[in-house]
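*Asks:* Residue numbering for the sequence shown is 85 to 205, as defined by our numbering.
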Amino acid sequence: MPTESNLRPGVNRIVPRYPFEARFKIEIERPQGPLAAEGWARDISESGIGAFVALPLEMGETATLRIPLEKGVELVVPAQITRILGTQYGFQFLALSARQRDQILHAVVGKKAVAYQTAVV
C-alpha cells in the first residue's frame with residue numbers, strides 16, 4: 085500500500101494524482117435551489133479529483149461529492165471547484181479525515197502517478 089513517504093509528487097505537484105474512473109454524485113446548494121449532477125472521474129489524489137461534468141458549474145462553488153471507491157466504500161467530502169476547461173473540472177477537497185486519505189490511497193494501490201502537464205508556450 086502506498087504511504088505518504090513513497091507517494092511524493094513530481095515537480096509542481098503537492099501530492100501525486102492517479103488514474104481513477106468512477107461515476108460520482110455532485111450536490112451543490114444554490115440560491116435558486118439545490119443542484120444534483122453526475123461526474124465521471126478521470127484522476128484522484130489526496131487533495132482533489134479531476135472529472136468530466138456535463139452540467140455547467142461555476143468556479144469557486146462548493147459542492148458535496150459522493151465518490152464510490154471500492155467494495156461499497158463511499159467517500160463523502162466537501163470540495164471547491166478550482167479548475168474549469170470546457171467540461172473538465174478540477175475539485176479541491178476541503179476537508180479529509182485521516183481515514184478518508186487512507187481510503188483514497190488504498191483505491192490507487194498499484195497505479196502509476198499521472199504525469200504533471202505544463203502549458204507549452
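Glycine is no exception: its CB is placed at the ideal position from the N, C-alpha and C atoms.
1) Rank 152, 141, 163 and 129 by C-alpha distance to the C-alpha of residue 172 and give the top, closest one.
2) Near residue 187, which residues of its chain fall below 8 Å by C-beta distance, leaving aside the five closest residues on each side in sequence?
3) For residue 132, count neighbouring C-beta atoms within 10 Å of its own C-beta (all shown protein chains included) and say buried if the count is 16 or more, exposed if not.
4) For residue 205, is the classification buried or exposed, using 16 other Cβ atoms within 10 angstroms of its Cβ as the cut-off for buried?
5) Which partner residues does residue 123 have in the DSSP bridge list?
6) Find out if the Cβ-Cβ distance for the pair residue 161, residue 177 is shorter than 8 Å.
7) Between the alpha carbons of residue 185 and residue 122, how many angstroms are there, rounded?
*Replies:* To lay it out plainly:
1) 141
2) 153, 157 and 159
3) buried
4) Here the model assigns residue 205 a pLDDT of 47, short of 50, so the residue's position is not dependable and the matter cannot be decided.
5) 108 and 137
6) yes
7) 22 Å
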